[in-house]
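> One structure follows; several queries about it will come next.
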Amino acid sequence: MNSNNKENSVFIISLLLTLIFIVWGVFFTDNLAKVTDIIYNGSIDYLGWVYLGATLFFVIFSIYLLFSKYGDIRLGKKTDRPDFNTASWLAMLFGAGMGIGIVYWSVAEPVTHYTSPPYGEGHTINAANTAMKYTFFHWGLDPWAIYTVIGLALAFFQYNKRLPAAISSAFHPILGDRIYGPIGKTIDILSIFATVFGIATSLGLGAMQVTAGMHDLFGVPNQLFVQMIVIVVATIIFIISINTGLERGIQYLSNAAMILSFAIMLLILIVGPTLTVIKVFFNTTGLYISDFIHMSLRLKPFGEGEWIASWTLFYWAWWIAWAPFVGMFIARVSKGRTVKEFVIGVLVVPTLGTCLWMSIFGGSALELVQNTGNHDLAKKITEDVSLSIFTFFDYLPLSSVLSILGFAVVAIYYITVADTATFVLGMLSEGGTLNPSNKIKMTWGVIQSALAAVLLLAGGLNVLQTASIAAALPFAIILVVMCFSLVKGLKSEVEVQRGNKRSANHS
Amino acid sequence: MKLYQVRKGQFVYYNNELHKVYGVKPMYKLSVHLIKLRDLTQHITNAASVEKYKPKENDSFIFNHKAYTLKKERNAEAGDYILIHNPMPDSLDTYTLNEIELVETADKKGVITGNSHGVKHNEYLLMVPGRAADSSPIDYKDKANEEDESLSYIGALGPATSDLLPSIGDIYKKKDNDSIFEAMVVAIKDQTVYLGGGLEIPQEELMNTEKWEFLYNLLDK
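Note that the protein sequences, when read in sequence, are chains A and B.
Counting from 1, one number per residue, gives the positions in the first sequence under the numbering used here.
Counting from 1001, one number per residue, gives the positions in the second sequence under the numbering used here.
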């Protein structure tokens, strides 16, 4: 009975918090926009350093784990072996971590930085290099380090310590059995709150992108109204899938989306300016590595930090809000890997993958804009960010094929993310059970769609960004503490595994 | 020409015996990887030489040298084996058709297996140890060709599991002896194990950890 109460209280409190927010957004839309604006400005002045510091810390911590003595610890029983071969494992990590976002931003971000760079003059060769460098930075080591920390913590405490699949489990070495008490509940509620916003942000972006795709392909008006219809239709689809056991179909869909996105990437590499892309990849990798520390700690103490807030801080907050979701996914597919394999697989390889992706999309787009002096294209892309990828496709050979593939990928990602999110939220809000009930999954399905819709209604992208910056902050601090808890847990595991070695030698 | 697709997890008959497909590698001539449920040995073949069987309630078969009967009469509890015959994995679950798993915890919504899979109560059949009297044995496709005795005999073998039973190539060390004596299993006939050096001892004696210690198998290294 006791555990039942706990499950319910986490679910009810986090649901109420989210509902309050939704009601606020629906009935006091202006007020919400105003308050989020205040938070947005406050985040620049007061909270920026927290995000920057925490995220840099996660990068350093992940690299430390890679070389630490904990590298040989296996996630799971010692006899466990990975469920997936390495290639499909890496593909799944990549798809889960970036998903909708990478399609949405891969053209828009470099071009936007190119027209209004963080420093220096826009529309120049320098600006193009800086744009690529910052794109690498925002999509490179930092997000993957965040996922490494949370994914490893979830996997380790779930498989090695046999604790429930909840965020609070990662605090067992520090809190002991208090993870089942009020402190643990608070951690779970905060993590759910951040996750709902992270997911709603992605769904909001996804709805804008799907609408833009329909606008490009079928001439559907690119308006808020259509975005709402997209959200409603998607909600109905995944609620049907939850209730009819079509979940396996969703798994096939997500595999298809991954194969399609790799196909698009290769196609653009071939039909686009291949040599430029390769040069961009090498050059930007160099710039990224050499300026990493500067970018990681860059704040503007004596000036306006507008740019940093709307890009770097937004990304860090979004990744952190998105982390419980991705972390849960990564943990599920990584059982049987060692810590060393895990860090290489989650931190190093996907970073290279995203950088390659960004070089291909961003490099080709910048080549179009810079070398041909096509300021018109740059203007079109920055004016309507959600249309950017389709605008970009129009300038390439085989544009209609690319647009259709692109639309398919975005639409599939939207459905799979929404569907998986209901499962993760169900697990988190029912005390980490692996069998969340359909009722709770459906409730979260409706709530997350409603939240995405409210955020879009209240002002689109800006409100999405601001909301995730605010919601992720408590969770950022939770993540930092989690690192120490993880080390404590790993340390005890090293002792256990060393003790077992003698007797296990001959079995 | 047979035109059905072999899929991972299916129970199939191959050489008249019950196997489970654990992998399909489409590009190869021998594309179907099988595991024989009776003794968990691996086999490889093509799709044409297997025949599908869908396990149902009250079927009995030998898994890893022990007989089990599939039942639905109660929900699984911790320690039970289950056969996931109707998998409906959630979006993050990684289990597939006909996985046989050990239940670690159970509640009213479902069970959690030793492999950290969350399985709902309608997705599995319970594997009750022993061959129920009214069950239909499914170990062989064509029972007439096989001796019925062997079926009941293996079923009655008891709780020993395969990785503990002596097999050829195992090297054992005698413990209740001051001088060093190590020997390899060279032959097994029923319950009698023949060790190198002309030693013939009953299986139970070799399994007695106070008298003999298992060192390693020749094939392991």
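Just so it is clear, CB atoms sit at the ideal spot from N, CA and C, and this is done for glycine as well.
Name, please, each residue of chain A whose Cβ falls closer than 9 Å to the Cβ of residue 1118 (chain B).
Residue 1118 (chain B) sits at position 118 when you count from the first residue of the second sequence. What residue 1118 (chain B) touches in chain A: 165, 427, 433, 434, 435 and 436.
> My assumption, with CB atoms under 8 Å, is that residue 1050 (chain B) sits in contact with residue 1006 (chain B). Please give the rounded CB distance.
In the second sequence, counting from the first residue as 1, residue 1050 (chain B) sits at position 50. In the second sequence, counting from the first residue as 1, residue 1006 (chain B) sits at position 6. The Cβ separation is near 6 Å, so the contact holds.
> Got a sec, what are the start and stop residues for the beta strand (DSSP E) residue 1053 (chain B) sits in?
As a first step, residue 1053 (chain B) is located in the second sequence; it is residue number 53 there, counting from the start. Residue 1053 (chain B) -> beta strand (DSSP E) spans 1051-1053.
> Cβ of residue 1092 (chain B) less than 9 Å from any chain C Cβ?
No chain C is present in this structure, whose protein chains are A and B.
> If residue 404 (chain A) and residue 217 (chain A) are in contact, beta carbons under 8 Å, what's the gap, nearest whole angstrom?
Taking the first sequence and counting its residues from 1, one reaches residue 404 (chain A) at position 404. Taking the first sequence and counting its residues from 1, one reaches residue 217 (chain A) at position 217. Yes, residue 404 (chain A) and residue 217 (chain A) are in contact; Cβ-Cβ is about 7 Å, under 8 Å.
> When you compare the CB of residue 1009 (chain B) with every CB in chain A, is at least one pair closer than 9 Å?
Indexing the second sequence from 1 puts residue 1009 (chain B) at position 9. Not an interface residue.
> Decide if residue 1176 (chain B) is buried, meaning its Cβ has at least 16 other Cβ atoms within 10 Å, or exposed.
Here residue 1176 (chain B) corresponds to residue number 176 of the second sequence, with the count starting at 1. Residue 1176 (chain B) comes out exposed.
> Let me make sure I understand the geometry here. Which of B:1054, B:1028, B:1089 and B:1021 has the alpha-carbon closest to that of residue 1041 (chain B)?
Counting from 1 along the second sequence, the entry for residue 1041 (chain B) is found at position 41. When only C-alpha atoms are compared, the closest one is B:1021.
> From A:385, A:309, A:422 and A:65, pick the residue whose C-alpha is nearest to that of residue 38 (chain A); which is it?
For the purposes of this step, residue 38 (chain A) is identified with residue 38 of the first sequence, where counting begins at 1. For residue 38 (chain A), the nearest C-alpha among the options comes from A:309.
> Output yes if chain A places a C-beta closer than 9 Å to the C-beta of residue 1024 (chain B); else output no.
As a position in the second sequence, residue 1024 (chain B) is number 24, starting the count at 1. No, no contact with chain A.
> I'd like the span of the beta strand (DSSP E) that includes residue 1099 (chain B), first residue to last.
For the purposes of this step, residue 1099 (chain B) is taken as the residue at position 99 of the second sequence. Segment 1099-1106, the beta strand (DSSP E) holding residue 1099 (chain B).
> Have a look at residue 153 (chain A) and residue 100 (chain A) and give me their C-alpha separation to the nearest angstrom.
On the first sequence, residue 153 (chain A) is found 153 positions in, with the first residue counted as 1. On the first sequence, residue 100 (chain A) is found 100 positions in, with the first residue counted as 1. Rounded to whole angstroms, residue 153 (chain A) to residue 100 (chain A) spans 25 Å at the Cα level.
> Going by beta carbon distance, what residues of the same chain come within less than 6 Å of residue 1010 (chain B), once the five residues before and after it are set aside?
Residue mapping note: residue 1010 (chain B) aligns to position 10 of the second sequence, counting from 1. Hits under 6 Å: 1021 and 1052.
> If I'm right that residue 586 (chain A) touches residue 228 (chain A) with Cβ under 8 Å, what's the distance once you round it to whole angstroms?
Nothing can be reported for residue 586 (chain A): it is not among the residues displayed for chain A, which extend from 1 to 507.
> In chain order, what residues of the same chain lie with their CB nearer than 8 Å to the CB of residue 164 (chain A), ignoring the 5 residues before and after it?
Within the first sequence, residue 164 (chain A) is the residue found at index 164, counting from 1. Correct list, in chain order: 158, 431, 432 and 433.
> Between the C-alpha atoms of residue 1160 (chain B) and residue 1203 (chain B), what's the straight-line distance to the nearest angstrom?
Locating residue 1160 (chain B) in the second sequence gives position 160, counting from the first residue. Locating residue 1203 (chain B) in the second sequence gives position 203, counting from the first residue. Note that residue 1160 (chain B) has pLDDT 43, beneath the 50 cutoff, so the model's placement of it is unreliable and no number is given.
> Helix or strand or just coil, what does DSSP make of residue 1006 (chain B)?
Here the question's residue 1006 (chain B) lines up with position 6 in the second sequence. Looking at residue 1006 (chain B) - three-state DSSP - the assignment turns out to be coil, as it is neither helix nor strand.
> On the three-state DSSP scale, how would you describe residue 1059 (chain B)?
Translated into positions along the second sequence, residue 1059 (chain B) becomes position 59. Strand at residue 1059 (chain B).
> Run the CB neighbour count on residue 1158 (chain B), radius 10 Å, all protein chains shown included, and call it buried at 16 or more, exposed below.
As a working note, residue 1158 (chain B) is residue 158 in the second sequence. Confidence is the limiting factor: at residue 1158 (chain B) the pLDDT is only 43, short of 50, which leaves the residue's position unreliable, though a coordinate-based value still follows. It is exposed - the Cβ of residue 1158 (chain B) has fewer than 16 other Cβ atoms within 10 Å.
> Between which two residues does the beta strand (DSSP E) carrying residue 1088 (chain B) extend?
Your numbering for residue 1088 (chain B) matches position 88 in the second sequence. Segment: none, residue 1088 (chain B) is in no beta strand (DSSP E) and carries neither H nor E.
> Using the Cβ count rule (16 or more neighbours within 10 Å means buried), how would you classify residue 1152 (chain B)?
Along the second sequence, read from residue 1 onward, the residue named residue 1152 (chain B) stands at position 152. With a pLDDT of 48 at residue 1152 (chain B), under the threshold of 50, the modelled position of this residue cannot be trusted; read the value that follows with caution. Exposed: under 16 other Cβ atoms inside 10 Å.
> Going along the chain, which residues of its own chain have a beta-carbon closer than 6 Å to the beta-carbon of residue 257 (chain A), five neighbours each way excluded?
Position 257 of the first sequence holds residue 257 (chain A). The answer, listed in chain order, is 409, 412 and 413.
> Please list, in chain order, the chain B residues whose beta carbon lies closer than 9 Å to that of residue 329 (chain A).
Here residue 329 (chain A) corresponds to residue number 329 of the first sequence, with the count starting at 1. Those within 9 Å of residue 329 (chain A) in chain B are 1091 and 1092.
> Under the DSSP definition of a beta bridge, which residues are partnered with residue 1170 (chain B)?
Taking the second sequence and counting its residues from 1, one reaches residue 1170 (chain B) at position 170. Partner(s): B:1217.
> Given a limit of 7 Å on CB to CB distance, which residues of the region 171-199 of chain A reach chain B?
Listed in sequence order: no entries.
> Closer than 6 Å by C-beta to residue 1213 (chain B): which residues in its own chain qualify, once you throw out the five before and the five after it? Chain order, please.
By 1-based counting over the second sequence, the position of residue 1213 (chain B) is 213. The answer, listed in chain order, is 1173 and 1175.
> Taking only three categories from DSSP, how would you classify residue 74 (chain A)?
As a working note, residue 74 (chain A) is residue 74 in the first sequence. Residue 74 (chain A): strand per DSSP, three-state reduction.
> Quick one: what's got a C-beta closer than 6 Å to residue 1149 (chain B)'s C-beta in the same chain, skipping five residues either side?
Here residue 1149 (chain B) corresponds to residue number 149 of the second sequence, with the count starting at 1. For residue 1149 (chain B), the predicted structure reports a pLDDT of 45, less than 50, and the residue's modelled location is therefore unreliable. The matter cannot be settled from this model.
> To which residues does DSSP link residue 1044 (chain B) through a beta bridge?
Taking the first residue of the second sequence as 1, we reach residue 1044 (chain B) at position 44. DSSP lists B:1033 as partners of residue 1044 (chain B).
> Pairs of beta-carbons, one from the region 336-349 of chain A and one from the region 173-181 of chain A, closer than 8 Å: are there three or more?
No, the region 336-349 of chain A does not touch the region 173-181 of chain A.
> Less than 9 Å separating the beta-carbons of residue 1126 (chain B) and residue 1073 (chain B)?
The residue labelled residue 1126 (chain B) in the question sits at position 126 within the second sequence. The residue labelled residue 1073 (chain B) in the question sits at position 73 within the second sequence. Yes.
> Just how far apart, CA to CA, sit residue 25 (chain A) and residue 32 (chain A)?
The residue you call residue 25 (chain A) lines up with position 25 of the first sequence. The residue you call residue 32 (chain A) lines up with position 32 of the first sequence. Rounded to the nearest angstrom, the two C-alpha atoms are 6 Å apart.
> Taking buried to mean at least 16 other C-beta atoms within 10 Å of its own C-beta, is residue 192 (chain A) buried or exposed?
One-based indexing of the first sequence puts residue 192 (chain A) at position 192. Classification of residue 192 (chain A): buried, given that the 10 Å Cβ count is 16 or more.
> Under the rule that 16 or more other beta-carbon atoms within 10 Å means buried, what is residue 1027 (chain B), buried or exposed?
Translated into the one-based positions of the second sequence, residue 1027 (chain B) becomes position 27. So residue 1027 (chain B) counts as exposed.
> So residue 48 (chain A) and residue 305 (chain A) are supposed to be a Cβ contact under 8 Å. How far apart are they, rounded?
Indexing the first sequence from 1 puts residue 48 (chain A) at position 48. Indexing the first sequence from 1 puts residue 305 (chain A) at position 305. Rounded, the Cβ-Cβ distance is 6 Å, consistent with contact.
> With C-beta atoms as the reference, is residue 468 (chain A) less than 9 Å away from residue 57 (chain A)?
On the first sequence, position 468 is the one that residue 468 (chain A) refers to. On the first sequence, position 57 is the one that residue 57 (chain A) refers to. No.
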